[in-house]
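Peer 1:
Protein chains: 2
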Amino acid sequence: MPLSEFDLIDRFFKNALRDGPEVRCGIGDDAAVVTTPPGMDLVLTMDTLVAGIHFPATTSPEDIGYKALAVNLSDLAAMGAEPRWITMSLTLPQDPASWLEGFMAGFSILAEQYSLSLIGGDLAHGPLSITIQLHGVLPAGTAIYRSGARPGDRIYVSGTLGDAGLALGALDKRWSIDSKYQEEIFNRLNRPTPRIELGLALRGLATSAIDISDGLQADLDHILTASNTGAILNPDQLPLSDALRQLPADQALEIALTSGDDYELCFTLPAAVQEIEVKRLSAITPLHCIGAVFREAGMQWQRSDGSIFTPSGTGFRHF
Amino acid sequence: MPLSEFDLIDRFFKNALRDGPEVRCGIGDDAAVVTTPPGMDLVLTMDTLVAGIHFPATTSPEDIGYKALAVNLSDLAAMGAEPRWITMSLTLPQDPASWLEGFMAGFSILAEQYSLSLIGGDLAHGPLSITIQLHGVLPAGTAIYRSGARPGDRIYVSGTLGDAGLALGALDKRWSIDSKYQEEIFNRLNRPTPRIELGLALRGLATSAIDISDGLQADLDHILTASNTGAILNPDQLPLSDALRQLPADQALEIALTSGDDYELCFTLPAAVQEIEVKRLSAITPLHCIGAVFREAGMQWQRSDGSIFTPSGTGFRHF
Numbered sequence: 001m002p003l004s005e006f007d008l009i010d011r012f013f014k015n016a017l018r019d020g021p022e023v024r025c026g027i028g029d030d031a032a033v034v035t036t037p038p039g040m041d042l043v044l045t046m047d048t049l050v051a052g053i054h055f056p057a058t059t060s061p062e063d064i065g066y067k068a069l070a071v072n073l074s075d076l077a078a079m080g081a082e083p084r085w086i087t088m089s090l091t092l093p094q095d096p097a098s099w100l101e102g103f104m105a106g107f108s109i110l111a112e113q114y115s116l117s118l119i120g121g122d123l124a125h126g127p128l129s130i131t132i133q134l135h136g137v138l139p140a141g142t143a144i145y146r147s148g149a150r151p152g153d154r155i156y157v158s159g160t161l162g163d164a165g166l167a168l169g170a171l172d173k174r175w176s177i178d179s180k181y182q183e184e185i186f187n188r189l190n191r192p193t194p195r196i197e198l199g200l201a202l203r204g205l206a207t208s209a210i211d212i213s214d215g216l217q218a219d220l221d222h223i224l225t226a227s228n229t230g231a232i233l234n235p236d237q238l239p240l241s242d243a244l245r246q247l248p249a250d251q252a253l254e255i256a257l258t259s260g261d262d263y264e265l266c267f268t269l270p271a272a273v274q275e276i277e278v279k280r281l282s283a284i285t286p287l288h289c290i291g292a293v294f295r296e297a298g299m300q301w302q303r304s305d306g307s308i309f310t311p312s313g314t315g316f317r318h319f
Numbered sequence: 001m002p003l004s005e006f007d008l009i010d011r012f013f014k015n016a017l018r019d020g021p022e023v024r025c026g027i028g029d030d031a032a033v034v035t036t037p038p039g040m041d042l043v044l045t046m047d048t049l050v051a052g053i054h055f056p057a058t059t060s061p062e063d064i065g066y067k068a069l070a071v072n073l074s075d076l077a078a079m080g081a082e083p084r085w086i087t088m089s090l091t092l093p094q095d096p097a098s099w100l101e102g103f104m105a106g107f108s109i110l111a112e113q114y115s116l117s118l119i120g121g122d123l124a125h126g127p128l129s130i131t132i133q134l135h136g137v138l139p140a141g142t143a144i145y146r147s148g149a150r151p152g153d154r155i156y157v158s159g160t161l162g163d164a165g166l167a168l169g170a171l172d173k174r175w176s177i178d179s180k181y182q183e184e185i186f187n188r189l190n191r192p193t194p195r196i197e198l199g200l201a202l203r204g205l206a207t208s209a210i211d212i213s214d215g216l217q218a219d220l221d222h223i224l225t226a227s228n229t230g231a232i233l234n235p236d237q238l239p240l241s242d243a244l245r246q247l248p249a250d251q252a253l254e255i256a257l258t259s260g261d262d263y264e265l266c267f268t269l270p271a272a273v274q275e276i277e278v279k280r281l282s283a284i285t286p287l288h289c290i291g292a293v294f295r296e297a298g299m300q301w302q303r304s305d306g307s308i309f310t311p312s313g314t315g316f317r318h319f
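Residue numbers (the working numbering), protein chains in the order written: chain A, 1 to 319; chain B, 1 to 319.
(1) Rounded to whole angstroms, what is the Cα-Cα separation between G52/B and L100/A?
(2) Look at the alpha carbon of H135/A and the alpha carbon of S227/A, and state the distance between them as a whole number of angstroms.
(3) Could you tell me the distance, in whole angstroms, from the CA atom of P93/B to the CA atom of G230/A?
(4) Alpha carbon to alpha carbon, what distance is there between A164/B and H288/A?
(5) Just the Cα atoms here: how many angstroms apart are R150/A and L168/B?
(6) Please list the partners that P38/B has in chain A, where partner means a Cβ-to-Cβ separation under 7 Å.
(7) Alpha carbons only, please: which of D262/A, R11/A, T87/A, I155/A is nearest the one belonging to G26/A?
(8) Identify the residues that DSSP records as bridge partners of D156/A: which are they?
(9) Alpha carbon to alpha carbon, how far is T310/B from Y156/B?
(10) Of all the alpha helix (DSSP H) runs that stay within the bounds of the region 115–183 of chain A, which reach a length of 4 or more residues?
(11) The region 109–139 of chain B: which residues have C-beta closer than 9 Å to a C-beta of chain A, in chain order?
(12) Given that T91/B touches chain A, what residues does it touch there, using C-beta distances under 8 Å?
(13) So D221/B is in the alpha helix (DSSP H); what residue range does that whole segment cover?
(14) If you reduce the DSSP assignment to three classes, tell me which class V34/B lands in.
(15) Which residues in chain B sit within 8 Å of D63/A, going by Cβ to Cβ distance?
(16) Can a CB atom of chain A be found closer than 8 Å to the CB of A97/B?
(17) Sorted by chain position, which residues of the same chain lie with C-beta nearer than 7 Å to G204/B's C-beta, five sequence neighbours on each side aside?
(18) Can you pull the chain B residues whose beta carbon is under 8 Å from the beta carbon of C25/A, in chain order?
(19) How many Å lie between L110/B and T36/B at the Cα?
(20) Taking the alpha helix (DSSP H) that A209/A belongs to, which residues open and close that run?
(21) My parser needs the beta strand (DSSP E) runs of 3 or more residues fully inside the region 16–78 of chain B; what are they?
(22) Give the straight-line distance between the Cα atoms of D305/A and L253/A, rounded to the nearest whole angstrom.
(23) Helix, strand or coil: how does DSSP classify P83/A here?
(24) Using a Cβ-Cβ cutoff of 7 Å, what residues of the region 158–177 of chain B are near chain A? List them in chain order.
(25) In the structure shown, what three-state DSSP assignment does Q300/B receive?
(26) Quick one: Cα of Q302/B to Cα of P192/B, how far?
(27) Rounded to whole angstroms, what's the CA-CA distance from A32/A to S179/A? Just pull it up for me.
(28) When you compare the CB of I284/B with every CB in chain A, is at least one pair closer than 8 Å?
(29) Please classify S312/A as buried or exposed, where buried requires at least 16 other C-beta atoms within 10 Å of its C-beta.
(30) For I276/A, does the count of other Cβ atoms within 10 angstroms reach 16, so buried, or fall short, so exposed?
(31) Could you tell me the alpha carbon to alpha carbon distance between I224/A and T258/B, rounded to whole angstroms?
(32) Buried or exposed for T45/B, going by 16 or more other Cβ atoms inside 10 Å?
(33) Can you tell me which of the three DSSP states L247/B falls into?
(34) Need the endpoints of the beta strand (DSSP E) that G260/A sits in, please.
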């Protein structure tokens, strides 16, 4: 006899039901009840991952569990918020016990790292799909939006770009990855590091921020459009990993610009921010300045040798 | 060319993006930002509806849109919370424009009635599925839980029971419904009335509450188990509609006890609550007292003539 909804909750979710002083009521009632700390705003993000669309059908349940939480943490990082509570709805095929065990093992890595409480959700039968809502807090009025970039601001990205795209292309047999980079690169796809600590440090400094889920070009465009500005960018300053540099230079650049799933942050700092501040931020996650905000709309790409560069691709299209 | 995610949001969701003074940032950034009013707790409920599981594939998009919000409102009603903000993730087949138009028409009926703001969510391709998280507020510490029922409390239900089950059975050709009741009964299935006003009025009065989504027997059992109590109940006092009474008496009773989807409230009031208070509550939604909380575990069913009644079924099983 298959396990009931209550058996499944008891068996797989109990460890994640870490109550904190702010959780008045977690799973087990009609709704969860939490207390937001006084003077804090609430920050909410919801993401759905569908098998075969957002992850290859071959992805392990552990990796899916890790990544489902990582992508939501990444959204909160881009706002400068501290993550707190999770609600999760899982739509699962028949007899999901062994899948759930793996999924929750991956999920719990990040849930424990950030002391997150799973406070509610839903379980249903159906084609595999995961919806997570993550709730964070920040001091009232300090959220970092996409709309705050101003002409003259410097544009930064964290980490390296295109590694997740490199891994996806290898899965699709479009290229192969040197064996010494395999583990690192597949970790970048399956176990992205949400830049929470960087996001918290950017509060009060960054004029805008976004997480790179659809590709730098598409996501930076969201900042520029929301801020009613443009940008002058140098493609030679994009941070590329040694693994990505194994590909021909133009192809590597294209991947860095257009492939999604990196979950690095792209953000803008006023030119007046001191070098010592940037160094402090870089100590959290390595940062690279890739250009500057410009008053005219659009992105202009100019190489270090002065030549114009024209990117050809676009980012991940949801519809 | 199909509409992009952004086109879809612009075309179908803009009207629902009603900003209030508490919404600092709705759809369009990495996350939504809201301010919870000082002294209020936050109440969160998430429900997923999967096509073919939670609603028949023939259900109209309008009815699905209405019901998806109604079931979440019903959960907040059972907590005594005031509904405020919605996040919604929709997984939709190709070319969802006409479906979305109908869905949002149904959704907007309740969103407008309760001045709810749609503040975030996700759109993805895949098999039709709807996840809604509804966020409500109530004065800190006043939530009504399942666990507060005490021996001697009276057990009440709102409205009538079993009408949604009657409609489902008619869809499955298990029986037919007299034409004069058809519209009313299918409305009970497709357009359930969330008992928000009743839930608000129960705050400070009810010792426990739950919404009846899985059938009275299963849902009342949640209250009794959480409260570590039992109940003595009179099946003859269950409120049955004239439409349900068209079926043989035993069958009608069985449906009222075990069919889900009614979204009425079941709650307990201390015996000391005055008749005049109950009348005030009944003026919001008709109420029936169906029994009393008992110190011994389990449900004992005793008819008005003193004979013992033994229900045979159980509620909706999620897994």
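All C-beta atoms in this analysis are idealised placements derived from N, C-alpha and C, irrespective of residue type, glycine included.
Peer 2: By the coordinates alone:
(1) For G52/B and L100/A, the gap between their C-alpha atoms comes out near 23 Å.
(2) Cα to Cα, the separation comes out at about 25 Å.
(3) Spanning the two alpha carbons is a distance of roughly 35 Å.
(4) Distance between the alpha carbons of H288/A and A164/B is about 59 Å.
(5) Rounded to the nearest angstrom, the two C-alpha atoms are 58 Å apart.
(6) Chain-order list of chain A residues neighbouring P38/B: P38, by C-beta distance under 7 Å.
(7) Distances from the CA of G26/A to each of D262/A, R11/A, T87/A, I155/A were compared; the closest alpha carbon is that of T87/A.
(8) First, the amino acid is wrong: residue 156/A is Tyr here, not Asp. Listed as beta-bridge partners of Y156/A by DSSP are F267/A, C289/A.
(9) T310/B and Y156/B: Cα-Cα distance of roughly 20 Å.
(10) Uninterrupted alpha helix (DSSP H) stretches at least 4 residues long and entirely within the region 115–183 of chain A occur at 163–171, given in chain order.
(11) Answer in chain order: I119, G120, G121, D122, L123, A124, H125, G126, P127, S129, T131, Q133, L134, H135, G136, L138.
(12) What T91/B touches in chain A: T48, V50, S129.
(13) Note, D221/B: alpha helix (DSSP H), 216–227.
(14) Reduced to three states, the DSSP call for V34/B is strand.
(15) Residues of chain B whose Cβ lies closer than 8 Å to the Cβ of D63/A do not exist, since the nearest Cβ in that chain is about 18 Å away.
(16) By this cut-off, A97/B is not an interface position.
(17) A distance below 7 Å between beta-carbons, with the five flanking residues on each side excluded, links G204/B to the following residues of its chain, in chain order: T142.
(18) Correct list: A143, Y145.
(19) Cα to Cα, L110/B sits roughly 22 Å from T36/B.
(20) Where A209/A is concerned, there is no enclosing alpha helix (DSSP H), although the beta strand (DSSP E) around it starts and stops at 208–211.
(21) 23–25, 32–34, 40–50, all fully within the region 16–78 of chain B.
(22) Rounded to the nearest angstrom, the two C-alpha atoms are 16 Å apart.
(23) Under the three-state reduction of DSSP, P83/A is assigned to strand.
(24) Cβ contacts with chain A come from no residue of the region 158–177 of chain B.
(25) In the structure shown, Q300/B sits in a strand (DSSP, three-state: E or B).
(26) Straight-line Cα distance between these residues: approximately 30 Å.
(27) Annotation: A32/A to S179/A spans about 47 Å, alpha carbon to alpha carbon.
(28) No, its Cβ sits nowhere closer than 8 Å to a Cβ of chain A.
(29) By the neighbour-count rule (16 or more Cβ atoms within 10 Å), S312/A is not buried but exposed.
(30) Here I276/A is exposed: its Cβ has fewer than 16 other Cβ atoms, across all protein chains shown, within 10 Å.
(31) Note that residue 224/A is Leu in the sequence shown, not Ile. Here the alpha carbon of L224/A sits roughly 56 Å from the alpha carbon of T258/B.
(32) Buried, since its Cβ has 16 or more Cβ neighbours within 10 Å.
(33) Coil at L247/B, not helix or strand.
(34) Looking at the DSSP string, G260/A is not in any beta strand (DSSP E), and its letter there is neither H nor E.
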